[in-house]
Amino acid sequence: MRRSTTRLSHLPLRLALLLCLGPVTLVAQGAVERPFVDSLFRDMARAGSREQLFGSDRCAGRDGPLSRLCDGLRLTRLAEFSAQAEDAIKAEALLRRTVDERPKWAAAWYGLGVARLELARAKVLAKEGPLQAMGLSFEAGAGNALVRALELDSAMVGAAEALALAPIPREGASQLGLRARTLRRLRGSLPLSPSARFSLARVEREAGSVDTAIVFLREAMAQGADSGLVSLELARDLYLAGRPAEGRAALLAGAAVAMSPLARMRYREELSWVASPDEVATWDSLPVADRRQWLDTFWATRDVKEGREPGERLVEHYRRIEFAMANFRIAIPQKGRQRVRSTAMAGDLMDLNNGGSVVGGGNNGSSRQSTAASAQDAVTASQDSYAGTVGADVPFRQFGITQDVLDDRGVIWIRHGKPDREQGTVGGTAKAVWQYDRPGEPPLVLFFAEVDFDGTAGASVLIPTPAGSDGTSLEQLCGQINGNCDRLQPGNTIGVAGNGRFAPGRNGALSTGNLPPPNLVVSERNRGTDNIVRAVTTDAFPRSFTAPLDPIVQIYGLDRADGGAPRLVVAFAIPGGKLAFVTPAEAGGRAVYPIHVRVLSVDKATGHRIDIDTLRQFAAAKPLVEGEWLTGVIELPLPAATYGATLLLSQDDGRGALARLATVRVPDASAHLGISSVVLGREGTGARWNSGRTVVPLNPLNAYVTGSMVELYYQVSGMLVGTEYETRLEFFGRDDPKKPKLAVGFKANAPQARGEVSRSVALGKLDPGAYRLRVTVRGGGAEVEESASLVVRKL
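Residue numbers for the sequence shown follow numbering that gives the first Met the number 0, beginning at 0 and rising by one.
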């Protein structure tokens with residue numbers, strides 16, 4: 000479907016056209032011609048196949064213009080049946096001549112408009128004609144012809160329906176002003192179908208009248224249009240209009256209904272612009288009753304993940320869509336790249352060994368065939384409902400909508416936003432590099448190259464590496480940004496900097512013939528492929544800080560000793576040298592560190608969010624220096640459930656950091672055997688938590704020297720009193736995650752249904768490295784386990 004800024008569809012869709020069911024008013028035609036043309040329309044409406052349509056002999060014996068009008072209308076209907084360019088070409092030629100001879104025949108202009116839409120569906124190269132200047136697309140020319148028909152006969156409902164349902168031309172808003180004004184003027188006097196009002200809303204939105212678009216969408220909904228499709232469009236328009244609460248409500252309402260195949264495809268499609276492959280698969284498997292809650296939780300979880308206010312991530316999502324649609328639409332020439340689309344979506348990754356784009360883009364569109372086929376089935380299944388909406392007893396029933404979709408830059412923009420740095424080539428084939436800096440992660444570096452567009456799209460398709468480019472292009476891409484292609488340059492002797500990025504600097508001029516060795520190209524291609532996969536399976540809306548605080552954070556799900564008061568316990572350590580401090584007079588010469596501490600949590604099942612926000616004042620006898628840490632503990636009481644949790648630390652001058660835990664389970668006091676988070680502590684850190692019975696030492700740094708002791712704490716609930724329970728502690732190394740490096744076991748009878756376990760474990764047998772501790776408790780016919788991580792370092 001040709002995309003307007005309100006839609007993200009990518010597949011052909013045929014919508015029915017409605018001609019007024021009564022006699023057509025043929026302006027400037029006599030009483031003899033009018034009944035004849037009315038009879039043509041009636042017979043065309045009755046025809047359900049090419050064989051049932053009247054033949055050319057029906058048009059014989061009439062005067063020249065009327066005969067050509069008859070043949071032109073007949074061939075236009077044949078083109079609907081055959082989807083062949085030949086019939087549409089002949090029809091357009093006959094009707095173009097008719098309007099030249101009889102410029103006041105509204106039916107001729109109407110037929111010409113529909114014939115041009117058939118030519119657009121057949122992807123025929125547009126040419127100059129009546130109300131179609133040189134270079135204008137057939138979609139735009141069709142709109143002009145249909146507007147002219149309505150100027151001649153404002154009661155021609157069929158022309159109004161066709162004009163509303165016609166695709167947005169590739170020229171965009173520049174060709175929509177007259178169309179929008181015409182339909183707006185006739186809206187109150189003509190009984191437009193729900194489908195027409197739905198499409199009219201897209202026209203208004205593209206033309207810049209979003210408030211009017213919202214009105215038309217609500218009218219379409221009230222008249223019985225596909226509620227799923229309307230809700231999705233309405234959500235976008237409401238966000239564009241600055242009404243996010245209403246937009247979110249519309250989005251969720253549409254997800255809650257029993258969707259048509261097309262609406263479900265469209266919801267899935269929009270979700271795939273930001274979701275991971277696993278999330279898309281989950282959406283596909285959801286029953287209707289669960290979709291609303293899941294979608295609400297999906298967006299709420301992303302708010303918490305990025306330390307954002309409720310609803311902020313979804314606002315940013317639609318803002319990015321608007322920018323991408325305005326700046327990264329594929330500009331497809333009328334010949335050439337007609338069926339290949341660039342859609343770098345989660346779950347549709349292709350093999351990059353041949354240097355194509357991540358999906359469907361570049362010169363290889365086969366990777367999306369299976370996905371496109373299944374989606375096309377949904378479109379085909381929905382066509383009957385569209386035809387029913389506008390009525391089947393009409394002369395023209397279907398037309399194809401051409402499409403332009405976002406190139407890969409637009410896909411990346413929606414997922415990750417504006418790059419932190421970007422650089423493009425000057426001259427020759429366009430190439431570009433975007434870099435996203437992610438705290439605590441390697442930079443995300445992405446390369447783009449131009450493919451067979453018309454030259455206006457720029458560097459638009461993801462490529463793993465610019466290897467093979469001329470030396471000048473490599474110099475422009477690698478020399479202006481800390482990217483991952485520096486090693487490809489023949490004259491570079493600087494190499495990789497200590498921070499994992501590439502240091503600037505070149506030796507001598509680069510020559511086109513001096514290419515890097517094949518093994519280096521393969522290495523860079525593999526690295527670039529990994530970056531592309533990472534880019535199209537993740538999304539981000541990171542907060543910006545004037546300086547990173549680089550904290551180390553541990554988040555635990557625990558309960559009070561007596562049960563029934565579950566909570567998140569968050570322990571953090573911040574490098575003292577990263578913090579700003581003040582020395583107020585009332586502090587008696589001490590250094591005071593004011594820190595805003597905010598814990599955000601979201602129930603992964605319900606999307607319910609609970610936060611705590613506080614200002615903590617930490618005082619030290621003297622300013623902290625490098626190697627010293629500021630530690631703290633904060634609790635967030637909340638109901639037992641599984642949560643996504645984020646800690647946001649910041650200071651007034653803009654310093655800050657985020658630390659998140661994707662999943663943390665807060666235990667309950669159920670009758671089933673259960674275990675809390677495992678706390679690994681160390682005496683002397685100054686960080687402690689009181690359970691109500693036990694003072695638990697914490698270790699926010701989560702690091703232990705060889706030969707030291709780890710203070711282990713966890714809670715067990717749902718035990719059978721008097722029953723023996725066996726506990727096993729196993730430490731697994733990163734190099735061998737299946738065979739434990741250290742194992743400790745013990746048994747004890749349960750004195751009560753729930754209890755706390757505190758043990759000191761010697762780490763003397765563990766070499767320096769990263770470890771995972773697995774705690775397994777079994778007894779009474781049940782077994783539970785929980786894991787924790789730690790690092791052992793040399794003394």
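All residues carry an ideal CB built from backbone N, CA and C; glycine is no exception.
Go through its chain and collect everything with a Cβ distance to residue i's Cβ below 7 Å, but skip five positions before and after it.
i       : result
Asp-42  : Phe-53
Arg-95  : Leu-111, Gly-128 and Pro-129
Glu-682 : Pro-696 and Glu-710
Ile-594 : Arg-615, Phe-617, Leu-648 and Gln-650
Phe-215 : Arg-196, Leu-199, Ala-200 and Glu-203
How many angstroms separate the CA atom of residue i from the CA atom of residue j?
i       : j       : result
Val-202 : Phe-617 : 58 Å
Thr-684 : Ala-668 : 30 Å
Asp-436 : Leu-151 : 59 Å
Ser-381 : Ser-284 : Low per-residue confidence applies at Ser-381: pLDDT is 34, beneath 50, and the placement is therefore not dependable enough to give any value.
Val-156 : Arg-183 : 13 Å
Ala-584 : Val-591 : 11 Å
Trp-688 : Arg-753 : 19 Å
Thr-582 : Gln-650 : 15 Å
Met-324 : Gly-409 : 7 Å
Thr-775 : Tyr-724 : 10 Å
Leu-68  : Ala-165 : 22 Å
Lys-430 : Val-460 : 9 Å
Gln-751 : Ala-560 : 12 Å
Leu-294 : Ala-92  : 50 Å
Pro-565 : Val-598 : 15 Å
Glu-160 : Ser-153 : 12 Å
Arg-247 : Gly-457 : 34 Å
Ala-255 : Asp-289 : 8 Å
Look at the Cβ atom of residue i, then the Cβ atom of residue j, and state whether they are nearer than 7 Å.
i       : j       : result
Gly-673 : Gly-717 : yes
Ile-320 : Ile-413 : yes
Leu-657 : Gly-306 : yes
Val-677 : Tyr-713 : yes
Leu-614 : Lys-577 : no
Ser-759 : Met-708 : yes
Thr-722 : Gly-778 : yes
Leu-443 : Asn-530 : yes
Leu-251 : Arg-291 : yes
Gly-556 : Leu-629 : no
Leu-765 : Lys-740 : yes
Under a Cβ-count criterion, where at least 16 other Cβ atoms within 10 Å of its own Cβ denotes burial, should residue i be classed as buried or exposed?
i       : result
His-671 : exposed
Thr-424 : buried
Val-38  : Note that residue 38 is Ser in the sequence shown, not Val. Burial call: exposed.
Ser-55  : exposed
Lys-793 : exposed
Phe-731 : buried
Gly-527 : buried
Glu-79  : buried
Val-229 : buried
Gly-426 : exposed
Arg-542 : exposed
Glu-205 : buried
Ala-219 : buried
Asp-652 : exposed
Excluding the 5 residues preceding and the 5 following residue i in the sequence, name in chain order all residues of the same chain whose CB lies nearer than 8 Å to its CB.
i       : result
Ser-788 : Asn-701, Ala-769, Tyr-770, Arg-771 and Leu-772
Ala-742 : Arg-727, Leu-728, Glu-729 and Phe-730
Leu-162 : Gly-112, Gly-142, Leu-145, Val-146, Leu-149, Arg-178, Thr-181 and Leu-182
Thr-641 : Asp-602, Lys-603, Ala-604, Thr-662, Val-663, Arg-664 and Val-665
Leaving out five residues on either side along the sequence, give the residues of the same chain with a beta carbon under 6 Å from the beta carbon of residue i.
i       : result
Ser-136 : Ala-125, Pro-168 and Arg-169
Ala-570 : Gln-553, Val-632, Ala-686, Leu-697 and Pro-699
Leu-177 : Val-146
Ile-551 : Ala-572, Pro-699 and Leu-700
Arg-733 : Ala-769
Compute the minimum distance between the beta carbon of residue i and the heavy atoms of the ligand HEM, and state whether it is under 6 Å.
i       : result
Val-709 : Looking at this structure, you won't find the ligand HEM or any other ligand, since it has none at all.
Contact defined as beta carbons within less than 8 Å: I believe residue i pairs with residue j. What is the distance between those atoms, to the nearest angstrom?
i       : j       : result
Val-83  : Ala-139 : First, the residue type needs correcting, since residue 83 is Gln and not Val in the sequence shown. Contact flag wrong, Cβ pair sits at about 23 Å.
Ala-87  : Ala-121 : 6 Å
Phe-544 : Gly-655 : 4 Å
Arg-692 : Glu-784 : Contact flag wrong, Cβ pair sits at about 24 Å.
Ala-158 : Tyr-109 : 5 Å
Ala-107 : Val-98  : 5 Å
Flag residue i as yes if its beta-carbon sits less than 7 Å from any beta-carbon of chain B, otherwise no.
i       : result
Arg-290 : Protein chains in the displayed structure number just one, and chain B is not present.
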